[in-house]
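Enquirer: Have a look at this one before I ask anything.
In UniProt numbering, the protein residues as written are 1 to 459.
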C-alpha cells in the first residue's frame, strides 16, 4: 500500500515536469515539497522494480501533416509508444485548450459534455486498435475552420502524455474565369477571377512560351466559410503574344487550375505614325504658339498705346480749338454787342433828326438815307457779324445807295470808313460814353466834320 502511494506521488512529479505546475498535485498527495529533484531518478528506478504497468509511456503522432480536401473526412492517428491497452485511459482531443475539447473518451465511451459545438455530430474516436494503444480522431465533412493543430492527450489517472497532429485542409476553387476588359495603357486589360480556395492561393500569368507575366493588380477576399476569392488583372501590350494563361495554385497541395484566353491582334489599340509625329512636334507647336501670342500681345499693346496717344493729342487739339472758338465767339459777341450799341446811337441821331438845328431831315420816316440805314443797316449787321467794321460798312453802303442830305458824304466815303474805324476802336474803350467821347475829342480830318458840322452835334 505504501509503495502504491509512493508511485502515485512519483507519477504526479513526472507529470509536473511534462505539463503544468505541480504544487496543487503535491498538496493533494499529502506530501508538499517532499522530493528534491535530485532524488527523483533513484525513486523512479525503485518504482520501476515494483513493475507498475503505466509507469512509463509516451504518445506519438504522425511525423507529417495530414492533408485532406475540403468536404472530405479526416482521420488523425495517435498511439502510445508501447503496445499497451488504452481502454482504461481518458483520451482527449483538443485544439488550444483542454476544455472544451474536440472529443473526450472516458470509461469506454465518448463524453459530449465538454465537446465544442462546431464538432458535435462530426467527430468519432476510432478505437479498433485501442487494445494496442492506437486510436484515431475522425472528423467528417472537413471545413476550412478545421485546419490547424490537434492535441492527442492520454491520462491513465496517474500520468498524462500527449502529442500534436497537424491537419491541412485543401480547398480547390473553381476554374479561373478569364475575360478581356478593354483597351488600357496602349494594350488590353485582362481579368482573371476564381473562388472557393483554401488556404490563400497563388496567382500566376504566363504567355504561350511559359514566360511569367506580372499582374497589374491582385485582390483576395475571404467569405463567411473561410474560403478565398481571388481576382487578378493584367495589361498585355504585346499584340504578338496570342494567348495568355491565368493559373491559380493551392500552396499546400501544389494543385492548380488554369484558363487561357486568345487576344486577337486587331483588338490592340494602334498607334498611327502621324500620332507619333504629332506627339513629338506638339510641344514645339505649343511653345511656338505661346511665343507668337506673346509677340502679338506686345504689338497690340504698343498699338493701343499709340492709338491712345493719338486720341489724347486729338482731344487736346479739339480742346484748344474749342477754347479758341469759344474765346473768339465771346469776343465776337462782345464786339457785335458794341457795334450794335454804336449803330443804335447813330440810328437815334439819324431818325430823330438831331444832326443839327437846320433840320435837314425834316421827315426822317420818308425815303431817306436815315430810313434806309435803319432798314439796311440791321440786315447788313446780321450778314456781317464778324469784324469791328462790318456794321459801319453797312451804314456807308446804305447811305451811298440812297439820297442823303449830307453832301460831304459822297466825296468822303473812304474817309468816312476810316473815321468809322477810329470811332469804333474808341467806342470799345469807353463803352457807353460815345457822345462824351465825340464831344471831348477832336476827330481831325478823319472826324465827323466831313459828314456834318461838329458844332451842331447833339449835346
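Note that beta-carbon positions come from the ideal geometry of N, C-alpha and C, so glycine has one too.
1. Roughly how many angstroms separate the alpha carbons of residue 107 and residue 227, rounded to a whole number?
2. Is the CB-CB distance between residue 139 and residue 250 below 7 Å?
3. Going straight from the alpha carbon of residue 141 to that of residue 114, what length do you get?
4. Any idea what DSSP makes of residue 65, helix, strand or coil?
5. Please go through the region 81 to 142 and give each complete beta strand (DSSP E) segment of 3 or more residues, from N-terminal end onward.
6. Got a sec: is the Cβ-Cβ distance from residue 88 to anything in chain C below 7 Å?
7. Grouping DSSP H, G and I as helix and E and B as strand, with all else coil, what is residue 292?
8. Which parts of the region 162 to 241 are runs of the beta strand (DSSP E), unbroken and 3 residues or longer, counting only runs that do not cross its ends?
9. Let's test the definition: count the other Cβ atoms within 10 Å of the Cβ of residue 79 and tell me whether it reaches 16, buried, or not, exposed.
10. List the DSSP bridge partners of residue 149.
11. My output table needs one value for residue 250: the three-state DSSP class, helix, strand or coil.
12. Thinking just about the alpha-carbon of each residue, which of 123, 299, 204, 87 is nearest to the one in residue 143?
13. Which one of 242, 266, 83 has the shortest CA to CA distance from residue 260?
14. Drop a sphere of 10 angstroms on the beta-carbon of residue 546, count the other beta-carbons inside from all chains shown, and report buried for 16 or more, exposed for fewer.
15. How about residue 104 and residue 111: are their beta carbons less than 7 Å apart?
16. Which residues does DSSP list as the beta-bridge partners of residue 257?
17. Starting from the C-beta of residue 295, find all residues in its chain whose C-beta is less than 7 Å away, skip the five residues before and the five after it, and write them out in chain order.
18. When burial is assigned at 16 or more other CB atoms within 10 Å of the CB, is residue 93 buried or exposed?
19. Looking at C-beta atoms only, is the number of pairs between the region 233 to 248 and the region 198 to 214 that lie closer than 8 Å three or more?
20. Find out if the Cβ-Cβ distance for the pair residue 152, residue 134 is shorter than 7 Å.
21. DSSP beta-bridge partners for residue 59?
22. Closer than 8 Å is the cut-off here; do at least three beta carbon pairs connect the region 179 to 189 with the region 229 to 242?
23. Excluding the five sequence neighbours on either side, which residues of its own chain have a C-beta within less than 7 Å of the C-beta of residue 60, listed in chain order?
24. When DSSP labels each residue in this structure, what does residue 545 get in the three-state scheme?
25. Taking the alpha-carbon positions, what's the residue 216 to residue 225 distance?
26. Among 283, 73, 326, which one has its Cα closest to the Cα of residue 119?
27. Taking only the alpha-carbon atoms, compute the straight-line gap between residue 200 and residue 56 and give it to the nearest angstrom.
28. Have a look at the DSSP bridge pairing and note the partners of residue 313.
29. Can you tell me the Cβ-Cβ gap for residue 157 and residue 87, rounded? I've got them flagged as a contact below 8 Å.
30. On the criterion of 16 or more Cβ atoms from any shown chain inside 10 Å, does residue 181 qualify as buried, or is it exposed?
31. How big is the Cα-Cα spacing for residue 252 and residue 168?
32. Using the DSSP secondary-structure output, state which residues sit across from residue 74 in a beta bridge.
33. Based on Cα-Cα distance, which residue from 65, 289, 223 lies nearest to residue 75?
34. Hey, how far is the Cα of residue 190 from the Cα of residue 231?
Expert: This is what the structure gives:
1. 39 Å
2. Contact annotation: residue 139 and residue 250 have beta-carbon atoms that are not nearer than 7 Å.
3. 21 Å
4. coil
5. 90 to 94, 103 to 106, 109 to 111, 123 to 126, 134 to 139
6. The displayed structure is made up of one protein chain only, and chain C is not part of it.
7. helix
8. 177 to 184, 187 to 197, 202 to 207, 217 to 222, 228 to 236
9. It is buried - the Cβ of residue 79 has at least 16 other Cβ atoms within 10 Å.
10. Bridge partners of residue 149: 166.
11. coil
12. 123
13. Nearest C-alpha to residue 260: 242.
14. Residue 546 falls outside the range modelled here, since the chain spans only 1 to 459, and no answer is possible.
15. Result yes, Cβ atoms of residue 104 and residue 111 sit closer than 7 Å.
16. Residue pairing by DSSP places residue 257 opposite 248 in a beta bridge.
17. Around residue 295: no qualifying Cβ.
18. buried
19. Touching, yes.
20. Taking 7 Å as the cut-off, the beta carbon of residue 152 is found no closer than this to the beta carbon of residue 134.
21. Bridge pairing for residue 59: 80 [DSSP].
22. Yes, the region 179 to 189 is in contact with the region 229 to 242.
23. 79, 81, 163
24. Coverage of the chain is limited to positions 1 through 459, which leaves residue 545 absent and any answer about it impossible.
25. 28 Å
26. 73
27. In a straight line, the C-alpha of residue 200 is about 43 Å away from that of residue 56.
28. None, per the DSSP bridge assignment.
29. About 13 Å; that fails the 8 Å criterion.
30. Per the 10 Å Cβ criterion, exposed.
31. 8 Å
32. In DSSP, residue 74 forms a bridge with 139.
33. 65
34. Each residue's Cα considered, the two are about 11 Å apart.
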